[in-house]
Ligand code: FDA
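In the working numbering, the protein residues as written are 225 to 529.
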């Protein structure tokens, strides 16, 4: 299983496969995890999710770009997403990846795209969450968050990954900003020098950092499909009388949909992360790596006509 996971994560960064995937459209069963190739298709899914009591964070897929043109187009697409959400009156915000907006080209270029996006979010009274990517981009992402938080206040949030050793220290460093975090386990392949290699340690640290965030009184987005962690959070907020408007659960589109629905029916805020676009390959490969059993439906879809 670990070998399969490593192989899928290695393949997730393959540029040739990524280019081919863009050209051939949603394939290999990717439509299970990706809401469509266009904003219009994704907005239909957003409306249906809202209808069923779930709120959304919309993600225009893309990452690791080295083209200034692509970075500019991605920023324009995110702005269009914010505008589509506002004009539809949808209960949704957006998530972005900084390497999609040119972080690998230059920090100032990416910052200028982020300023355009977050100022539009502010104008529309919306919210932008910076997804956290691999370790190499962790520090610049945190720095950019600090800068944007100072400029735009509550319209920007970030993600912390429980698998990184540095996460707890980052929480200390960012405490003065009263941050709104999404807490996740972490989806990239990282070396044992920077991340817990053992899943049980990651799970333990996840609970440790959520508890810290809730105890600090800052908004917590608990992003996991893990029953044990979800049950722990439900128990802790009850015990501490933490109101339901101080946290939310988040899950990915196409994963544990019945559980998403059930939590919403129990009165919790549940946000579905809805990715769309043609650049689906890296995202899809990470979803396969999280659960190598998913590879079997890829194989089935290859033989389906
Ligand atoms: P875990 O992997 O232990 O899974 C628990 C259970 O969930 C499994 O037993 C299975 O039932 C189900 N499950 C999990 N993954 C599945 C899959 N792919 N297919 C089918 N079932 C699955 N990561 C990151 O590094 N940076 C980020 O910015 C984000 N953003 C993000 C947003 C949201 C809303 C979510 C839910 C997750 C992320 N992640 C992320 C991904 C995260 O780091 C992690 O890789 C996945 O959520 C899988 O871990 P779980 O916490 O679900 O637990």
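Beta carbons: idealized from backbone N, C-alpha and C, even for Gly.
Spanning the alpha carbons of residue 384 and residue 482 requires a straight line of approximately 26 Å.
In the displayed model, residue 228 falls within a helix according to three-state DSSP. With a cut-off of 7 Å, the C-beta of residue 448 is classified as near ligand 1, since at least one heavy atom of the ligand falls inside that distance.
Unbroken beta strand (DSSP E) runs of no fewer than 3 residues, entirely contained in the stretch 381-431, are found at 405-408, following chain order. Here residue 284 carries a strand assignment [DSSP, helix/strand/coil]. Here DSSP, grouped into helix, strand and coil, assigns residue 236 to coil.
Under the three-state reduction of DSSP output, residue 354 falls in the strand class.
Under the Cβ criterion (8 Å, minimum of three pairs), the stretch 291-308 counts as touching the stretch 335-354. By the CB criterion at 8 Å, residue 387 and residue 446 fall outside the cutoff.
DSSP places residue 299 within a helical segment (H, G or I) once states are collapsed to three. A distance below 8 Å separates the beta carbons of residue 500 and residue 259.
Counting every other CB atom within 10 Å of its CB across the protein chains shown gives residue 267 a total of 16 or more, marking it as buried. In this structure, the straight-line span from the alpha carbon of residue 479 to that of residue 457 is close to 19 Å. Comparing alpha-carbon positions, the option among 262, 302 and 496 lying closest to residue 406 turns out to be 496.
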